[in-house]
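Beneath this line is the structure, given in structure tokens, with notes to follow.
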Amino acid sequence: MMVLDEALFMETDLNALFTLLVIYRERGVSRAADRLNVKQPAVSNTLAKLRIHFNDPLFVRHARGLTPTSKTNEIMRRLAPALMEIQKVLQVA
């Protein structure tokens, strides 16, 4: 049985992880903000916090948008399915 690290969960905002997923899919902070129906500075602030948490820039800016770093791609391979599982749990309610 896997033991959950309660402290890690308390210091991590699951909405921030969802925001990371949307930025990843949209390849842009402004487009992610539009999808999330929030202002662009809110998404930028969330991304800044995630960069500190993961100790990685997460995205590199290019003329056509943001390109994920290899660490971001690694995170997404695990995060996207995990968020889908959380969605399934929430839909049961």
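Residues in the sequence shown are numbered from 1 upward in steps of one, following the UniProt record's numbering. Heads up, the beta-carbon is just placed ideally off N, CA and C, and yes, glycines get one too. What you are looking at is a predicted structure, and each value in this text was computed from that prediction instead of being measured.
Q: Decide if P68 is buried, meaning its Cβ has at least 16 other Cβ atoms within 10 Å, or exposed.
A: For this step, residue 68 is matched to residue 68 along the sequence shown. When all chains shown are included, P68 counts as buried.
Between which two residues does the beta strand (DSSP E) carrying R61 extend? Translated into the one-based positions of the sequence shown, residue 61 becomes position 61. Start and end: F59 to H62.
inquiry  = Given this structure, state the Cα-to-Cα distance separating E85 from A32, to the nearest angstrom.
reply    = Your numbering for residue 85 matches position 85 in the sequence shown. Your numbering for residue 32 matches position 32 in the sequence shown. Approximately 22 Å between the Cα atoms of the pair.
Report, in whole angstroms, the separation of the C-beta atoms of L66 and L20, which I expect to be a contact under 8 Å. Counting from 1 along the sequence shown, the entry for residue 66 is found at position 66. Counting from 1 along the sequence shown, the entry for residue 20 is found at position 20. Contact flag wrong, Cβ pair sits at about 11 Å.
Exercise. What separation, rounded to the nearest whole angstrom, lies between the Cα atoms of S70 and A82?
Worked result: Taking the first residue of the sequence shown as position 1, residue 70 is located at position 70. Taking the first residue of the sequence shown as position 1, residue 82 is located at position 82. Going by the C-alpha atoms only, they are around 19 Å apart.
Using a Cβ-Cβ cut-off of 8 Å (strictly less than) and excluding sequence neighbours within five positions of L79, which residues of its own chain qualify?
In the sequence shown, residue 79 corresponds to position 79, counting from 1. Excluding sequence neighbours, L79 sits near L17, L20 and L21.
For this session: Take V60 as the anchor and find which of F54, V89, I52 and T72 has the nearest alpha-carbon.
Result: On the sequence shown, position 60 is the one that residue 60 refers to. Considering only alpha carbons, the answer is T72.
- Rounded to a whole number of angstroms, what is the C-alpha to C-alpha distance between R35 and F54? As a position in the sequence shown, residue 35 is number 35, starting the count at 1. As a position in the sequence shown, residue 54 is number 54, starting the count at 1. When rounded, the distance between both Cα atoms is 24 Å.
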